[in-house]
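Numbering (this note's numbering), first residue to last: 110 to 582.
Ideal Cβ placement from N, Cα and C applies to all residues, glycine included.
Quick caveat: nothing in here was measured; it's all calculated off a predicted structure.
Structure first, commentary second.
Okay, structure coming up:
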């Protein structure tokens, strides 16, 4: 596929070669005081540059074909991923909630992403030339909700403080998600047992009621959020906990993160370390910010009439509720996520083969085939095509139109993307999908792939270790 950039480079190369030949030849003739004939003029001014261009094109094509042939070679036994007997990760996913441009609930978002995505122009956002920008805001986010967040932060801080537009939009989306998961936690946790009094050897003994497991809340805010905002956000969230009567009998601990790209999330998903505690994982981000959009436009990454393969700025919030280790009624088995190094691979087919080998080692042929793949593919060149190749490699019967969800085409979510993908996986398993695969593409860190099943996989089933999928040097 010839892009505009490649065409411009080709035209520039032709101009440079002809200009050099003409300037050098004419200068040589003037120095030698030569009067060339028609044949000599045509030969040096037309045929010679064409011969050089054809030679350069042939050399580049030969190198490209050789590199593609090297990438397309099947992996040798020395390069094959190492296989271990590690058991799949067990996640006690009890509930999920989200707010996305594609839908305000996991069900709505899943159904919305199964439909063709059409980029839409924002009503008020403009670029440097005054033209409207493509964007994907969450429809329910009103000015009143944004002002309420700003007023609450100022009240807790005891002063008027500047709040970035992306931060207050993220919090306005995150707080309703937090409220929904608190209600799910209130319904899922066991009630405290009654106090029991007994008389033993003439002494009255009172047994304390059964205490619920503590609650750990992990919150990932936009990477641009200052750390000074974290204590204020914790106060806001603790106030909601008290309003629901969940502060008594439960120990609450909050951890705030500003990691970018979801790296911390994938590491945590591989080793959730649930233990004897409840966990609330939350993430929110928003690119609907004039300052952030100006920065992205200067980088040339936004979708526009000149860059149709750019990204669409979006926003969203998502969260999941995980139960303690003994709560296994809603257990989900997760194979991965596996890090697949693809920086030295140019061929999409070769990248897909490496990802497929990570999820489908030869020793594990009885795994159920995924009937849904969720990725962060967007409108950039090759993004959706790579996800489609992986989906068909895992299951040739997949319908790319409805069973391949491109989350990035509904709006880029920045570091909230991994959490949104997990919430969609939870809903897909509840809807009856037996196995759901995910593909997360990070341009700097490579690819991460994983598979989720609603029922625990056999403990003796082999799988590659998360780090073994990367190609050995």
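- Note on geometry: alpha-carbon atoms of residue 127 and residue 166 lie some 15 Å from one another.
- With contact defined as three or more Cβ pairs closer than 8 Å, the region 213–221 and the region 462–472 are not in contact.
- Residue 284 sits buried, since 16 or more C-beta atoms from the chains shown fall within 10 Å of its C-beta.
- In this structure, residue 261 sits away from residue 206, with a CB-CB distance that is not shorter than 8 Å.
- Beta-bridge partners of residue 488 (DSSP): none assigned.
- In the structure shown, the three-state DSSP call for residue 241 is strand.
- The Cβ-Cβ distance between residue 488 and residue 444 does not fall below 8 Å.
- Look at residue 454 here: in three-state DSSP terms it is coil, with no helix or strand label.
- A contact between stretches requires three or more CB pairs, one per stretch, nearer than 8 Å, and the region 272–279 meets this requirement with the region 327–343.
- With respect to the C-alpha of residue 228, the residue from 210, 264 and 238 having the closest C-alpha is 210.
- According to DSSP, residue pairing for residue 423 in a beta bridge involves 245.
- Apart from sequence neighbours up to five positions away, the residues of its chain that approach residue 547 with a beta-carbon distance below 6 Å are 483, 530 and 559, ordered along the chain.
- A check of alpha carbon separations from residue 234 across 214, 245 and 130 identifies 245 as the nearest.
- In this structure, the straight-line span from the alpha carbon of residue 256 to that of residue 272 is close to 11 Å.
- Closest option to residue 358, judged by alpha-carbon separation, among 298, 431 and 400: 298.
- Beta-bridge annotation (DSSP): residue 205 is paired with 429.
- For residue 259, the enclosing alpha helix (DSSP H) has its first and last residue at 252–266.
- When DSSP states are grouped into helix, strand and coil, residue 345 belongs to the helix group.
- For residue 148, the three-state secondary structure derived from DSSP is helix.
- Taking a contact to require three or more Cβ pairs closer than 8 Å, the region 385–399 and the region 411–425 qualify as touching.
- Residues of the same chain with a CB within less than 6 Å of the CB of residue 326, apart from the 5 flanking positions on each side, are 363 and 389 in chain order.
- Membership of residue 329 in any alpha helix (DSSP H) is not indicated; the residue belongs instead to the beta strand (DSSP E) covering 324–329.
- Under DSSP, the beta-bridge partners assigned to residue 556 are 449 and 550.
- Residue 457 is positioned such that its CB atom lies no closer than 8 Å to that of residue 400.
- Look at residue 353 here: in three-state DSSP terms it is coil, with no helix or strand label.
- Secondary structure at residue 543: coil, using DSSP grouped into helix, strand and coil.
- For residue 203, same chain residues with a beta-carbon under 6 Å away, outside a window of 5 residues either side, are 297, 430, 432 and 439 in chain order.
- Separation of residue 447 and residue 375 (C-alpha to C-alpha, rounded to the nearest whole angstrom) is 9 Å.
- In the three-state reduction of the DSSP assignment, residue 502 falls in the helix class, which pools H, G and I.
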